[in-house]
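Quick note on numbering: the sequence shown equals residues 17 to 94 in our numbering.
Take a look at the structure below.
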Amino acid sequence: MKDFVTAAVFSYPHEITILKHLLTGAGISFFFENETMTGIVPFYSFALGGIKLKVHPNDLDAVTAILKDLSDNHLKIV
Numbered sequence: 017m018k019d020f021v022t023a024a025v026f027s028y029p030h031e032i033t034i035l036k037h038l039l040t041g042a043g044i045s046f047f048f049e050n051e052t053m054t055g056i057v058p059f060y061s062f063a064l065g066g067i068k069l070k071v072h073p074n075d076l077d078a079v080t081a082i083l084k085d086l087s088d089n090h091l092k093i094v
């Protein structure tokens, strides 16, 4: 996981809920850095630099497409 890159950054835990399901369904390996801390102390996200979506570089294009599709439909990340 040390080779994983940041694909996107989010401020609040609710922003990643649908995205988790889409990435899992697509078979993409990922993790959210700082997710646990922001679940415990929600406003600590800003101090940590946000919730970072980390993916393998080989999956970056697929993840970028999923993020674009998500932002272009009614399930848009607010």
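Virtual Cβ for every residue (Gly too), placed ideally from N, Cα, C.
Here the structure is a predicted model, which means the values were calculated and not measured.
Query, Result
"Who are V57's beta bridge partners in DSSP?", "Paired residue(s): none; V57 is not in a bridge."
"Using a Cβ-Cβ cutoff of less than 6 Å, which residues in the same chain neighbour F47 once the five nearest sequence positions on both sides are dropped?", "K70"
"Look at the Cβ atom of T54, then the Cβ atom of I67, and state whether they are nearer than 8 Å.", "yes"
"Going by DSSP in three states, K18 sits in which element: helix, strand or coil?", "coil"
"So, at 6 Å on beta carbons, what are the nonlocal neighbours of D75 in its own chain, with the 5 sequence-adjacent residues on each side left out?", "I44"
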